[in-house]
Structures are given as structure tokens and as C-alpha cells.
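Residue numbers (this note's numbering): 0 to 334. One structure is given below, encoded as C-alpha cells.
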Amino acid sequence: AKLITTGNFTDNMKDVASCDWIIEVVVERLDVKQNIFTEVEKYRKPGTLITSNTSGIPIHMMAEGRSDDFKTHFCGTHFFNPPRYLRLLEIIPTDFTDKNVVDFLMEFGDVVLGKTTVLCKDTPAFIANRIGVFSMMAIMHIMDELKLSIDEIDALTGPVIGRPKSATFRTGDVVGIDTLVKVANGVAENCPKDEARSIFTIPAWLNRMIEQNKLGDKTGQGFFKKVKGADGAKDIQVLNLETMEYEPRKKPKFATLEAAKPIDDLHSRLKMLTAGTDKAGEFYKKFHFLLFSYISYRIPEISDDIYRLDEAMKAGFGWEIGAFESWDVLGVENT
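Below, the structure written as C-alpha cells:
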């Protein structure tokens, strides 16, 4: 805290003249960011690195109208939140960004900041959010199709398949329902040629959640809600998507899930889960088909290297193994 000096845009903008690296982290609106960069450019010294922490606004659009020196020293540096716990740092250069700047940020992020630095192309939502939000939206649509519940989905998409305990919907509450919808809408609007664009369509119940201010942790209610019982003890209830009311949680029961849980090896567990003949097995088959198809079409659109997609998902979303690694485990011919 002793190393932090606070300020405001009115009185302290001139202070950026002494900075070596300026990182923009204002609201996710292109016009606001462009206004900030106009002010920054009045005071920054030539050669100063300037980057944006945007989670999805095209980097080249923010550089429009800026000087040549600004453009060559400008790129995206998307730190996944919270940066204290998530290691992913996406580096997103434009066609104007100097290669030496990119090389420096990739090495500095890795060696000095201890991040997993992943080079991304300047495409909507970059790598991790493009794949991660697709995964979450695909899961929601499959849930509707198979008439599964929130608790059932989180049981199916958590540690049992090498994902965090927050699984799908607990992750949604942490991220924020409005943020999730904003990213999904952004991909749908800015990727008209995306072959799976319909997956980013927002389910009606998700829009109702926003209307009812059920935005997740930030509003105290989302897919889950903490309540006090009659005895005063705290309890966590889950949202019923049909009634939009909260109710006691129910432990999901799937034969395939119960059979797979004792298996320590993740690769063997994934094979058993996907081979299941109950509704859980049907879910995994549908989900993996959509996910594997989607990532195959994203090369070379969002990255030239398949390993970058896996690195981004492991460092940004906490996946134990990446999507391409999962595909290898299950076998290309079998999926």
C-alpha cells in the first residue's frame, strides 16, 4: 500500500509523464477509453508503454486517432480477475504494436509478475473469455434441452471433470450475470460469421434474472442466495429457473457420476463419464461435441497455436486440462 499513490483524472493526469507503463482500467466503454487516451497522450513521454485491461473491446479501435508513437507502444494486457489468484495475462497487440514491446510484455509478465502470459489475436473476447463464455452458454442451452437443474449442472461441471469447485453457475455468480451476458452479446454482435453464433443467444430466464436484479454476488443473489433459517443459521438456496424463486438445494444423483467419483485419474474419469448411458453421460456427449467443434474452428481465428487456447483456459478459468487436451484424452475418432 505504501507504493500506491492515488489521484484523479482532473488533477493528476499530468503525473503520467513520469510513468514507464500506463495501464488503462476504466469502464468497458470505447468512448470513455478513447477520451482517457486523448488526455494521456497530452502528457505521456515518448516511448512510454500504454496498455488497456479491457476484457473484450477490440484493441485496434482504441488506438484509432492516436499518434504513431502511441500506436507502436500500445496493446492490450488483459489481467484476469482477481489477478491475485488467477495467473492469466493475455497480451493482445495490434498491427501497429512494436514487436519489441510485445516481447518485453510477454517476458515481464512471465518472469517478473509470475503470470502465464498468452499471446492473443485482436478478436472479440480474445481467447479465454471467447472459449470460456462459449462453454458456459453451451452448458446452459444443453441444460434447458435435457431439463437439468442448476445443482445438477454444477455437480457435472466441477472437479469431477477437472474444473474448479465453482463449476458453472457459482462461477457465474462470482463473475456477475450482467457481465456474462455482456460478453456473450458482444461475441454475437461482433462475430457474425461465427458458425456457433446461436449458442451465444441469451436464454429467456437469464434475461429475467437481470430484470430482477439477480446479478450474482454483487447483488447478494444470483443462481444462489444466502438465507437465514428459522434457527438463525445461514443456508445457501438455489434458484428455480421456472418459478424464479429460491429453494433448498438437492443433491444430484447420477449413476455415471457416482461411478466416476472414486477414480483418481482425471483422464480415466473423463472417459467413464462420457461413456455413461444415463442423463449425465448424455450431457457430457453433447457438451464435448459442441466444445471440440468450437475450438477447432477458432484456429487460426483467435490463435495460430492450439496450446495457447489450453494455456489460457487453465490459467484464466482454472481448468485442470485444456479443451484440446481433453479431446486427446477422449480421442478424436470417438468424439
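Beta carbons are placed, not taken as given, at the ideal position from N, Cα and C, and that holds for glycine. Values in this document were obtained by computation on a predicted structure and should not be read as measured data.
Cross-strand partners of residue i (DSSP beta bridge)
{"i": "Gln220", "result": "Gly215 and Lys224"}
{"i": "Asp234", "result": "Val226"}
{"i": "Pro48", "result": "The sequence shown places Leu at residue 48, rather than the Pro named in the question. According to DSSP, which records beta bridges pairwise, Leu48 is partnered with Trp20."}
{"i": "Asn239", "result": "Glu244"}
Where residue i sits in the DSSP three-state scheme
{"i": "Leu88", "result": "strand"}
{"i": "Leu308", "result": "helix"}
{"i": "Thr273", "result": "helix"}
{"i": "Leu112", "result": "coil"}
{"i": "Val117", "result": "strand"}
{"i": "Trp204", "result": "helix"}
{"i": "Thr170", "result": "helix"}
{"i": "Val331", "result": "coil"}
{"i": "Ile3", "result": "coil"}
{"i": "Lys164", "result": "coil"}
{"i": "Phe103", "result": "helix"}
{"i": "Pro191", "result": "coil"}
{"i": "Asn34", "result": "helix"}
{"i": "Phe323", "result": "helix"}
{"i": "Arg196", "result": "helix"}
{"i": "Ile301", "result": "coil"}
{"i": "Asp94", "result": "coil"}
Backbone CA spacing between residue i and residue j [nearest angstrom]
{"i": "Ile209", "j": "Ile176", "result": "7 Å"}
{"i": "Phe36", "j": "Leu2", "result": "24 Å"}
{"i": "Asp349", "j": "Glu23", "result": "No information on residue 349 is available, as it lies outside the stretch 0 to 334 that the chain covers here."}
{"i": "Ile320", "j": "Glu89", "result": "18 Å"}
{"i": "Ser292", "j": "Met139", "result": "17 Å"}
{"i": "Glu151", "j": "Asp230", "result": "27 Å"}
{"i": "Tyr306", "j": "Leu145", "result": "32 Å"}
{"i": "Lys192", "j": "Tyr296", "result": "11 Å"}
{"i": "Glu194", "j": "Pro82", "result": "32 Å"}
{"i": "Asp304", "j": "Pro123", "result": "17 Å"}
{"i": "Phe282", "j": "Ile141", "result": "7 Å"}
{"i": "Tyr42", "j": "Val101", "result": "23 Å"}
{"i": "Phe69", "j": "Glu38", "result": "12 Å"}
{"i": "Val132", "j": "Leu265", "result": "23 Å"}
{"i": "Phe103", "j": "Val117", "result": "13 Å"}
{"i": "Leu29", "j": "Pro247", "result": "42 Å"}
{"i": "Glu106", "j": "Cys119", "result": "15 Å"}
{"i": "Thr276", "j": "Leu329", "result": "16 Å"}
Other residues of its chain near residue i: CB distance less than 6 Å, five sequence neighbours each side excluded
{"i": "Gln220", "result": "Lys213"}
{"i": "Phe168", "result": "Ile149, Asp153 and Phe222"}
{"i": "His59", "result": "Thr93 and Asp121"}
{"i": "Lys114", "result": "Arg86, Leu88 and Gly108"}
{"i": "Lys225", "result": "Lys233 and Ile235"}
{"i": "Cys190", "result": "Pro123"}
Beta-carbon proximity list for residue i, same chain, < 7 Å, skipping 5 on both sides
{"i": "Ile294", "result": "Ile130, Leu308, Ala322 and Phe323"}
{"i": "Leu290", "result": "Ser134, Ala137 and Ala322"}
{"i": "Pro251", "result": "Asp150, Glu151 and Ala154"}
{"i": "Val25", "result": "Val31, Lys32 and Ile35"}
{"i": "Lys249", "result": "Asp150"}
Other residues of its chain near residue i: CB distance less than 8 Å, five sequence neighbours each side excluded
{"i": "Gln33", "result": "Met61, Glu63 and Gly64"}
{"i": "Gly280", "result": "Thr255, Leu272, Thr273 and Ala274"}
{"i": "Asp97", "result": "Thr71 and His72"}
{"i": "Thr76", "result": "Ile22, Thr50, Ser51, Asn52, Leu88, Glu89, Ile90, Ile91, Leu104 and Gly108"}
{"i": "Lys181", "result": "Glu27"}
Check your understanding: Which runs of the alpha helix (DSSP H) fall wholly inside the stretch 124-154 and span at least 4 residues, in chain order?
Key -> 127-145
Check your understanding: Whole beta strand (DSSP E) runs in the stretch 56-81 with 3 or more residues, listed along the chain?
Key -> 73-78
Exercise for review: Entirely within the stretch 242-298 and at least 4 residues each: give me those alpha helix (DSSP H) ranges in chain order.
Suggested key: 254-259, 265-273 and 278-296
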